[in-house]
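For the sequence shown, the numbering used here begins at 3 and goes up steadily by one.
Here a beta-carbon is modelled for each residue, glycine too, at the ideal position from N, C-alpha and C.
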Amino acid sequence: MLPYEQSLTRFDSATGLYYDCSAHMLWCGEGTTRQLESAHTEFLRGISNPLGIKVSDKMEPSDLVKLIEVLNPANLPGRITIIISKMGSERLRVKLPELIRAVNASKQIVTWVCDPMYGRNIKASCKLKTRPFDRVLAEVGAFFDVHDQEGSHPGGIHLEMIGSQHVTEEWIGGSCTDTLDDFSSGYRAHCDPRRLNASQSLELAFIVGERLKHRRF
Numbered sequence: 003m004l005p006y007e008q009s010l011t012r013f014d015s016a017t018g019l020y021y022d023c024s025a026h027m028l029w030c031g032e033g034t035t036r037q038l039e040s041a042h043t044e045f046l047r048g049i050s051n052p053l054g055i056k057v058s059d060k061m062e063p064s065d066l067v068k069l070i071e072v073l074n075p076a077n078l079p080g081r082i083t084i085i086i087s088k089m090g091s092e093r094l095r096v097k098l099p100e101l102i103r104a105v106n107a108s109k110q111i112v113t114w115v116c117d118p119m120y121g122r123n124i125k126a127s128c129k130l131k132t133r134p135f136d137r138v139l140a141e142v143g144a145f146f147d148v149h150d151q152e153g154s155h156p157g158g159i160h161l162e163m164i165g166s167q168h169v170t171e172e173w174i175g176g177s178c179t180d181t182l183d184d185f186s187s188g189y190r191a192h193c194d195p196r197r198l199n200a201s202q203s204l205e206l207a208f209i210v211g212e213r214l215k216h217r218r219f
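Dropping the structure here:
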């Protein structure tokens, strides 16, 4: 994808900066795109878009600090968003505090975001892959708990959802969903299940709202 992103990069004569016009915010995932000396990292370093760094429990705190220093040497607010993904609630409670402490110690300004949409699948009796909605709730809850514990700021959550109750039933659980053994009628996932349906999205929104009511910003 690097040649594609390069082809859509433009020079802004008003600011003297380069921007990738394929999207407002770009992010690097795990693997080669996140290595310090990779072509992808060099490309991201040279553009002025907001950047995201996807982080799982495989990320070492020292490596995260180094990567942030490369991508945001001026320590500009709003430049870096750290997207916590593929951890699950239990691993998140162990790993996220280490990452937060390392970033705070380096005085780097970042936004912390939880992406709870990736996790271990289970298989229903109808042979379709699904994921329990309770795992989303647990991971989001752990994300807020850790920030409360560390005195840091939970900057947001990243979700995939759809507005209809009946178009998708890819996740099991919540107040208005089918059972594990009978949910295939609204199943639309072609790969892994990722989207929350309408009632699950609203339920999660109200739960997050309750958590935010007790925080002082």
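| query | result |
| --- | --- |
| Using 10 angstroms around the beta-carbon of Q151, count the other beta-carbons present and answer buried if the total reaches 16, otherwise exposed. | exposed |
| Could you check where the alpha helix (DSSP H) with S87 kicks off and where it finishes? | Careful: S87 lies outside any alpha helix (DSSP H), inside the beta strand (DSSP E) at I82 to S87. |
| Here's a check: name, in chain order, each residue in its chain whose Cβ is nearer than 7 Å to the Cβ of R47, leaving out the five neighbours to either side. | V72 and L73 |
| Are the C-beta of S201 and some C-beta of chain B separated by less than 8 Å? | No chain B appears in this structure, which consists of one protein chain only. |
| Does the pairing of the segment 201-210 with the segment 135-151 give three or more beta-carbon distances under 8 Å? | yes |
| Between A104 and K129, what straight-line distance do the alpha-carbon atoms span, to the nearest angstrom? | 43 Å |
| In the DSSP assignment, find the beta strand (DSSP E) that holds K56 and state where it starts and stops. | L53 to V57 |
| Can you tell me whether DSSP reads L28 as helix, strand or coil? | strand |
| Could you name the residues of the same chain whose beta carbon sits closer than 6 Å to that of C23, not counting the 5 residues immediately before and after it, in chain order? | L10 and R12 |
| For L206 and L198, which I take to be in contact (beta-carbon distance under 8 Å), what is that distance rounded to the nearest angstrom? | 7 Å |
| To which residues of the same chain is L19 closer than 6 Å at the C-beta, ignoring the five residues directly before and after it? | S50 |
| In three-state terms, what does DSSP make of T17? | coil |
| Return the CA-CA distance between I111 and A126, expressed in angstroms with no decimal places. | 43 Å |
| With DSSP collapsed to three states, give me the class of K125. | strand |
| Do D117 and I85 have their beta-carbon atoms positioned less than 8 Å apart in this structure? | yes |
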